[in-house]
Structure formats: C-alpha cells, structure tokens
Amino acid sequence: MTHIKLTKTEGLFAMIRSAEKTVDAEKQQVLADLKAASVETDPQHRDAESYVVHVDDDRYVIDPGKLKKDTKKIINGLVKELKPVQPK
Amino acid sequence: MCNRLNHLHCILPPYIADKLVDKGSEKNKQEALENKLMNHRLRSDRLFLAALSPHQQKMMAVSPKVAKKPKPIIEVYSCNNLRSLPGTKMSKTGTKFRDGDAQNVYDGGLQTWKFYYDLFKRNSIDDQGMAMIHSVHYGKRYNNAMWNGRQMLYGDGDKKVFDSFTKDIDIIGHELTHGVTQFTANLNYEFQSGALNESVSDIFGIMIKQRAMKLDVKKSDWLIGGNVMLGDQYALRSMKAPGTAFKNHPQWGDDPQPATMDGYLKMQNTEEDDWGGVHFNSGIPNFAFYVMAYNMGGFSWEKAGQIWYAALTKELTPSSDFAAAKTATIKQAGIIFGKASLEVKAVKAGWKAAKV
Ligand SMILES: [Zn+2]
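Which chain is which? The protein sequence lines are A and B, in order.
Heads up, the first sequence is in my numbering, so the first residue is 1 and it goes up one at a time.
Heads up, the second sequence is in my numbering, so the first residue is 1001 and it goes up one at a time.
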C-alpha cells in the first residue's frame, strides 16, 4: 500500500488544488516511475503550472506526460479528484 | 531542432543521460555525453545570466531579430495542440489571420508594443526591438498562458471552465510584461518580490487593456481574465477588490487573493505553494495601484502608469519588496509631478489603503 498526494498549481491564476489516496501499488515502483518523470523547474518560467507528488516523505515535481502506464493511471485518477486548497 | 527557445522540451533529464552514458551503445554513449555537455552548458548559462545586474543582462541579451527603425515584430506560431515550441509559423494576409486565437495574440501583441513605445519609447520587451513570439494552441485543452523567458504560449482552455487564454488582452499584456520585467528590475519570482513581479504584470496588463479600449479609471472593470474564465460572474483577478473575482465557483471555490497586508499569505517557497504565494499576494500591490490610479483620475496610463514604469525601470531591483515599491513610486511621483503634488498624495493613499 502506498499513500500518494498530488498538489497542482494552475500557473497564471491563484489556484492550488490537491488530492490524495492510498493505492495498492508497490512503493518502490511508484517512486522509480515518479523519479523518471521528474522535471527541473526553470527559474525564468513565469506563470508555469506544476504537479508535485508526495509519497510519504519523498517529493517529486513531475511532468505527468512522462509517466509510465500504471503510475500515470494513479496520477490521472488523482487529477480528477483535485479540490481547492485554501492557503493560510 | 534543439535551441535555447525549446531546450526544456528536448533535453533528457540528467538521470536518464547518466544511464545512457553507463549502459548505452557507443553511438548512444556519444549522444548522451553530448547531451550532458549541453545540459551542463545551459545550466551554467542560466547561473551566469542570473548573477548579472539587470543592466549587464540587457547588454548580454540576444535578440532573435533587431529592427533598425522601431517597429513591432510579432510572430505567431501554432503548436497544433502539441507541446513543442515554437510550433509552425502561421501565415497572415496583411494583418489578418484565419485563426481567431492567432488574431487575438497578434492584435494584443501590437497593442502592447504600442503601449510601451508610444508612452515610454520602449522598443519591445528588451527595448532592443526583440521579436514578440506567440505560440497558440499549446497542448490539448491546456488551461494556462505563460512567459517562458523567451516567448509567450497560450492554451485553448478546456471549454468547460476556461475559454482560450488568448481572449483577454490584459492576459497578453500580462505575459509580455513578464518579459519587460525580466529585462528591467528582474524581480525574483518568490515571496514579496515575486508577488510584485506578478502585480507589475497585472498593472501593465490592465493599463494595456484600458488604453486599447479607451477606458478611464472609472469606466474600467479592473478585472484580469474576464473572458477566459467562462461564466459572466467570474474573472481570474479583481484589482479593484482582490478576493472577489469569483465566489462559490463549482471548481475553484472563492477567490483567495488578499487586498491588504492584514491578509498577507505566508506561504512556502516551493512549486506547490506558488513560490511563496506570488499569484496570491499580488492582490496587495494590485489594490494599491487601483486606489492610486483612481484617486489620480482620468486615464491610468497617463499618471500612475508613468510613475510605475519609472519605478520598474529605474528603482526596483531583483530583491525589491512591497515597501521598496512604495518608496520607489513615491520618489518617482515626486520627480515627475513634484513633491507636493496630488499624484504623490494619491500614491501614498494607495499604499495606505493596502496597509503597506
Ligand atoms: Zn504572471
């Protein structure tokens, strides 16, 4: 069982949304897939959106387009369940 | 093609390059090594450029095309719903495109160029005649618009919550102004300097819209993104009343922008916290600008715009915060209109209203 939290920022506008769930997937495989889909943030990008995935204490900034099949399915599922996060 | 414009989309992530160097065939190994070298060079370039002063950056900047006699160079490309940049160049007859989104960004780009040139004699984003490159139809149902350091790109929107991101001239002006800021104050994109960076884009974006539509401070709606967010009652941001651009939105809830320092959001400097809330806390200087422009009356770009352009290009630095922007705008209002002028009083009233 692996607990995954996705946080998406929308870029141009002030929106942060997140969703999380525990899935029946092998943690090491999920981590490897997320690592393979990781991207570096370019400091000159203005208004870029971002996808950040937390798996317990591990954190990845990813490009969902680079995910492999099984992990892509999990992340796409979370994208559909995103709910606004009210910042404090 | 792999150039500085689209390097982010064609270079391999470092760990994949490492793998290829270790385990690939001879040809792969060579390509991987070349790729690693290029990545290293791009990273070094970025670090080197980031360490320069705005003046030095301007001297180092490479413009794709330089016009001899100031005139706008606007190029429009279509990504054809893919994510590779810039895409295919779109043809036009005179100044007319067959594609509506291409027309929107061309017209918005032209209005933006005229705004900066007519009012401030600024020749394009870099003041060196840099081509203004717009790529439309970026990605599939992509809900965003962005400045990537070299060009603008615009998504079509999902057509459920968002329409095309080319529909608002203030958004086009917002993105292009990110380029202007990059070549001038180069405000760091984090915490207050980042929120100021965002606010400068909204401030000039709204003035570009107001000038194109000949709206004075009383007639303007002071909304950013009034067309792109579907539903008449919604917009992305309100400069007149930050925190009221949308309410009970089925997907987004309530607009979270603060209007004053009482509501300043202390967020983390991470992707998931919007680099310290740059798109959130921008509501504070946005509101200050609205109040000062409204108090000055008439057309915003004639007085408040002069003050803010002078502050952006002569006073602000990468680490400037809201207090520095307050000092800079009061100083420039005094230089342009006189220390005892109504304009200085209006600037002070704006910052006071925002509790800065
Ligand atoms: Zn922006």
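Cβ coordinates follow ideal geometry from the N, Cα and C atoms, glycine included.
Quick caveat, the model's predicted, so the values are computed rather than measured.
With the rule of 3 Cβ pairs closer than 8 Å, the region 1191-1205 of chain B counts as touching the region 1278-1285 of chain B. DSSP, read as helix, strand or coil, puts residue 1164(B) in coil. Contact check for residue 1146(B) against residue 1133(B) fails: the beta carbons are separated by 8 Å or more. Closest option to residue 13(A), judged by alpha-carbon separation, among 1209(B), 1273(B), 1183(B): 1273(B). If the five residues before and after residue 1268(B) are omitted, its C-beta is found closer than 8 Å to the C-beta atoms of 1276, all from its own chain and listed in chain order. For residue 1340(B), no alpha helix (DSSP H) segment is defined, and its DSSP state is neither H nor E.
Pairwise C-beta distances place the region 1328-1340 of chain B in contact with the region 1302-1309 of chain B, as three or more of them are shorter than 8 Å. Against chain A, the beta carbon of residue 1265(B) has neighbours under 8 Å at 87, 88, listed in chain order. Taking 8 Å as the threshold, the shortest C-beta distance from residue 12(A) to chain B falls below it. For the region 12-80 of chain A, the continuous alpha helix (DSSP H) assignments of 4+ residues that do not extend past its boundaries occur at 27-36, 69-80, in sequence order.
With at least 16 other beta carbons inside 10 angstroms of its own, residue 1211(B) counts as buried. Straight-line measurement puts the Cα of residue 1136(B) at about 23 Å from the Cα of residue 1207(B). By the C-beta density criterion, residue 81(A) is exposed, having fewer than 16 other C-beta atoms within 10 angstroms. Annotation for residue 1150(B) indicates a beta carbon at 7 Å or more from all heavy atoms of ligand 1.
A heavy atom of ligand 1 is found nearer than 7 Å to the CB of residue 1178(B).
For residue 1176(B), no beta strand (DSSP E) run applies; the uninterrupted alpha helix (DSSP H) run containing it begins and ends at 1169-1183, by DSSP. Here residue 1090(B) is buried. Its C-beta has 16 or more other C-beta atoms within 10 Å.
DSSP places residue 1206(B) in the helix class (H, G or I) of the three-state scheme. With the rule of 3 Cβ pairs closer than 8 Å, the region 1220-1238 of chain B does not count as touching the region 1345-1354 of chain B. Sequence-distant Cβ neighbours of residue 1122(B) in its own chain, meaning closer than 7 Å and more than five residues away, are 1116. Annotated three-state conformation of residue 1125(B) is coil, per DSSP.
The Cβ atoms of residue 1286(B) and residue 10(A) lie no closer than 8 Å to each other. For residue 1309(B), not one C-beta of chain A is nearer than 8 Å to its own C-beta. In this structure, the beta-carbon distance from residue 85(A) to residue 38(A) does not fall below 8 Å. Straight through space, the alpha carbons of residue 59(A) and residue 1112(B) are spaced by roughly 40 Å.
The region 51-65 of chain A and the region 18-37 of chain A touch, with no fewer than 3 CB-CB distances between them shorter than 8 Å.
At least one beta carbon of chain A lies nearer than 8 Å to the beta carbon of residue 1178(B).
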